[in-house]
Every structure is written in C-alpha cells, then in structure tokens.
Amino acid sequence: MIPSPQLDVSQPSPEAEEEAEIRIDSPRKRHRMSPTQLMRLESLYQQDTHPSRHRKNQLAGELGM
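The numbering of the sequence shown is the numbering used here, which starts it at 14 and goes up by one.
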C-alpha cells in the first residue's frame, strides 16, 4: 500500500498569502439592493437554493447588478 502524501496546512501557500493581501488592501465595495432586486433574489433562492453560475449571472444582468 502506497501512503498518500500529507499536506502541510500549518503554513499558507505563497499564493494564499498574496491573495489575502489583495483582499486586505482592497476590500470589496458593498452594494445596496433595491427592494425589487432583493425580492427577485429571494424568489430565485426559494426556488433553487443552489442556482448555477449562469443563472446567477443572468439574473444579475436582468437586475442591473
């Protein structure tokens, strides 16, 4: 039996550190939704709790988000 390689999760990878720095330096802007946008999003997630990326992008386009 061949042992599986062990991952060292105690230290983040250089890529993860770089990505974390980007997030810290440039936080995402918050976006407020209109009541209509919120209603449409809630409706979508009531029908499908895990909508596809395509469906989310389609709705975002329809809602101007």
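Built from N, CA and C at the ideal position, the CB exists for glycine as well.
Residue j and residue i - do their beta-carbons sit closer together than 8 Å?
i	j	result
residue 59	residue 78	no
residue 48	residue 57	no
residue 72	residue 43	no
Provide the residue span of the alpha helix (DSSP H) that contains residue i, from first to last.
i	result
residue 56	48-60
Is residue i helix, strand or coil by DSSP?
i	result
residue 68	helix
residue 74	helix
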